[in-house]
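Visitor:
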Amino acid sequence: MKVDRIIFATGNFDKMKEIQMILDDLGLEIQSMKEAGVNIEIVEDGKTFEENARIKAEAIADELKKRGVNAVVLADDSGLEIDYLNKEPGIYSARYLGENTSYSIKNANLIERLAGVPDEKRTARFVCAIAAVFPDGKTFDTKAAIEGRIGYEEKGNNGFGYDPIFYLPEYGKYSAELTPEEKNRISHRGKALNEMKKVLKMEL
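For the sequence shown, counting from 1, position 132 maps to 367 in this note's numbering; every step adds exactly one.
Below, the structure is given as structure tokens:
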């Protein structure tokens, strides 16, 4: 299938850096929706990560179709599930305590809510679902997770979002202490994107 680029449904600069690193060898230009000039309101009213990823991808694909743009649209929905907090913040991770609240405040709040909770009950995971919509209407989905636990303080400068409080016992590091290469290899988004890359290579 002939497409001229991949457009990813995000305006998050840090996320785009990760995406471009992983998809770089596809030989296609990879743009954020902002770079593609798409600025539409999308209501993420799905009940799962998969539903929200699909809602975003389909909304942008519809907009691009009106403009005659021949691109594959990718969208992800990802978040943090903390078992002790009934899998909060979950699909509301980006909107937890308000969309414009800094992650240092969000992270501090979650650590405070887990005060006194022992290591074995601080289990958590990052989940990422990715949806792809092709110009001919074909759709594909991938999903991946990474298991860990919530730490007692923020650590590391390499990540963003909840990375500084997400501890990976297997690696003895917080997610924000991983190098970009390590993170892309083992993270929820890295694994889901690499699975999606296999789909793209078959379909394009």
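Just so you know, even glycine gets a beta-carbon here, dropped at the ideal spot from N, CA and C. As the structure is a prediction and not an experimental result, all values here were calculated from the model.
By how many angstroms is the C-alpha of A350 removed from the C-alpha of V307?
Guide: By 1-based counting over the sequence shown, the position of residue 307 is 72. By 1-based counting over the sequence shown, the position of residue 350 is 115. Roughly 44 Å separates the two Cα atoms.
Visitor: Let me know if F248 comes out buried or exposed under the rule of 16 or more other beta-carbons within 10 Å of its beta-carbon.
Guide: Translated into the one-based positions of the sequence shown, residue 248 becomes position 13. Exposed, because fewer than 16 other Cβ atoms sit within 10 Å of the Cβ of F248.
Visitor: If the criterion is Cβ atoms closer than 8 Å, does the pair D312 and A288 meet it?
Guide: For this step, residue 312 is matched to residue 77 along the sequence shown. For this step, residue 288 is matched to residue 53 along the sequence shown. In contact: D312 and A288 (Cβ atoms closer than 8 Å).
Visitor: Please list the segments of the alpha helix (DSSP H) lying wholly inside the stretch 366 to 439, counting only runs of 4 or more residues, in order along the chain.
Guide: Counting whole runs of 4 or more residues, the stretch 366 to 439 contains the alpha helix (DSSP H) stretches 415 to 421, 423 to 438.
Visitor: Report all residues from its chain with a CB closer than 6 Å to the CB of V352; omit the five preceding and five following residues, and keep chain order.
Guide: Against the sequence shown, residue 352 aligns to sequence position 117. Correct list, in chain order: Y319.
Visitor: Would I340 pass as a contact of Y387 if the rule is Cβ separation under 8 Å?
Guide: The residue you call residue 340 lines up with position 105 of the sequence shown. The residue you call residue 387 lines up with position 152 of the sequence shown. It is not a contact, given that the beta carbons lie outside the stated cut-off.
Visitor: Please report the distance separating the alpha-carbon of I317 from that of G303.
Guide: As a working mapping, residue 317 is identified with position 82 in the sequence shown. As a working mapping, residue 303 is identified with position 68 in the sequence shown. Roughly 42 Å separates the two Cα atoms.
Visitor: Determine, using beta-carbon pairs with one atom in the stretch 427 to 437 and one in the stretch 359 to 373, whether at least three such pairs fall under 8 Å.
Guide: Yes, since at least three Cβ pairs between the stretch 427 to 437 and the stretch 359 to 373 fall closer than 8 Å, the two stretches touch.
Visitor: May I ask you to report which of helix, strand or coil DSSP gives D260?
Guide: Locating residue 260 in the sequence shown gives position 25, where the first residue counts as 1. Helix.
Visitor: Hey, how far is the Cα of K291 from the Cα of G372?
Guide: For the purposes of this step, residue 291 is taken as the residue at position 56 of the sequence shown. For the purposes of this step, residue 372 is taken as the residue at position 137 of the sequence shown. Taking the straight line joining both Cα atoms gives about 14 Å.
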